[in-house]
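Residue numbers (the numbering used here): 91 to 425. Every residue gets a Cβ at the ideal spot worked out from N, C-alpha and C, and that includes glycine. Some notes on the structure that comes next.
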């Protein structure tokens with residue numbers, strides 16, 4: 091008995107060491123959670139993720155969240171799940187179809203090949219025979235592609251739960267169906283709005299095709315939080331070889347000299363980081379209105395939330411979240 095306990099403890103220590111090593115490896119790579127729902131916007135988001143990861147150590151996780159459904163209860167189905175890769179089930183479930191399409195898209199893009207080493211895993215979920223299912227593809231230690239079919243009470247809760255299994259650097263989603271303001275954002279937010287408000291990491295909402303030539307419009311207000319977000323976004327844009335434009339808006343004309351000084355300081359800061367050829371735009375008026383007026387000239391608008399607590403984001407909101415709800419192009423809220 092003592093020998094058995096020793097062996098069991100030794101296995102637990104080995105498993106714990108492996109988990110720590112895995113977590114350390116994750117922190118070394120850029121990890122992107124792409125929410126797939128079958129729409130063109132979700133696959134445009136996947137295309138953008140592939141562009142980020144092509145020349146960098148990167149994990150791309152394709153996630154489809156389905157709500158708990160007891161109508162699928164079947165002993166035969168459970169046996170199939172326990173023994174077989176979900177892409178081979180042959181079931182006409184939307185989630186599997188969408189994930190398969192994403193996998194084939196990455197192969198067609200040349201991002202991965204079908205001979206990558208794969209591993210399948212299943213986690214039981216009480217009350218649902220499908221549970222959580224994952225197929226992980228690896229290319230050495232630099233890149234991983236994970237297809238995840240996740241079960242949750244709501245889509246938003248499933249996405250946020252998946253973040254806790256990360257961590258992730260970026261969550262990519264399609265556009266919101268609606269965007270609530272004030273107290274309504276607490277009572278009835280859309281899935282995208284809820285994730286954007288509660289996610290600890292940056293969130294990109296994709297609207298249509300992201301034009302490579304149009305570049306990044308990065309909005310700055312001089313705060314430390316915004317400056318940090320600007321540097322993160324600029325590094326990403328630079329790696330993607332996208333043009334960068336900085337925007338700052340003064341409420342009144344008398345504040346324009348301060349705004350131009352702020353833009354010049356930001357431009358110099360990026361130059362010290364090796365980010366060159368940065369353009370600047372200064373405007374006077376309502377910040378949201380001025381930003382939305384020029385947004386179509388860019389591929390991605392980059393905003394930074396105020397750094398408020400999650401509850402305050404829900405109740406008060408800010409310009410960053412208003413931009414996410416109103417902009418006609420893709421918006422990245424950087425944290």
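### Task
Would you be able to state if there are at least three C-beta pairs under 8 Å between the stretch 303–311 and the stretch 143–151?
With the cut-off at 8 Å, the stretch 143–151 and the stretch 303–311 do not touch.
### Environment of residue 426 [buried if 16+ CB atoms lie within 10 Å]
Past the boundaries of the shown model lies residue 426; the chain is included only from 91 to 425, so the question cannot be answered.
### Query
Exposed or buried, which one is residue 411 when buried takes at least 16 other CB atoms within 10 Å?
Buried is the call here.
### Message
Per DSSP, what are the beta-bridge partners of residue 370 in this structure?
### Response
The partner list for residue 370 (beta bridge, DSSP) reads 336.
### Query
In chain order, which continuous runs of the beta strand (DSSP E) of length 3 or greater are located wholly inside the stretch 262–323?
The stretch 262–323 contains these whole beta strand (DSSP E) runs: 292–295 and 306–309.
### Message
Tell me the DSSP secondary structure of residue 415 in three-state form.
### Response
In this structure, residue 415 counts as helix in the three-state DSSP scheme.
### Query
The beta strand (DSSP E) spanning residue 245 covers which residue range?
Here residue 245 belongs to no beta strand (DSSP E); instead the alpha helix (DSSP H) covers 245–254.
### Query
When burial is assigned at 16 or more other CB atoms within 10 Å of the CB, is residue 240 buried or exposed?
Buried is the call here.
### Task
Would you list the residues sitting across from residue 226 in a DSSP beta bridge?
According to DSSP, residue pairing for residue 226 in a beta bridge involves 209 and 236.
### Task
May I ask you to list the residues that DSSP assigns as paired with residue 149?
DSSP, once it has assigned bridges, lists 121 and 234 as partnering residue 149.
### Message
Less than 9 Å between the beta carbons of residue 155 and residue 286, yes or no?
### Response
No.
### Message
Could you compute how far the alpha carbon of residue 203 sits from the alpha carbon of residue 197?
### Response
As the crow flies, the alpha-carbon of residue 203 is around 6 Å from that of residue 197.
### Query
Once you ignore the five residues that flank residue 228 on each side, which residues in its own chain have a CB closer than 7 Å to its CB?
Leaving aside the five residues that flank residue 228 on each side, the residues in its chain whose CB is nearer than 7 Å to its CB run, in chain order, 206, 207 and 234.
### Task
Indicate whether the contact test is met: 3 or more Cβ pairs, each with one atom in the stretch 410–424 and one in the stretch 328–339, closer than 8 Å.
No contact exists between the stretch 410–424 and the stretch 328–339.
### Query
Where residue 318 and residue 350 are concerned, what is the direct C-alpha to C-alpha distance, given to the nearest angstrom?
Distance between the alpha carbons of residue 318 and residue 350: 19 Å.
### Query
Applying the criterion that 16 or more other CB atoms from any shown protein chain within 10 Å of the CB defines a buried residue, is residue 361 buried or exposed?
Around the C-beta of residue 361, fewer than 16 other C-beta atoms lie within 10 Å, and the residue is accordingly described as exposed.
### Message
Give me the DSSP bridge partner(s) of residue 197.
### Response
Residue 197 is not bridged to any residue.
### Message
Does the structure place the stretch 261–269 close enough to the stretch 294–302 that three or more beta carbon pairs sit under 8 Å?
### Response
Contact between the stretch 294–302 and the stretch 261–269 is present, with at least three C-beta pairs closer than 8 Å.
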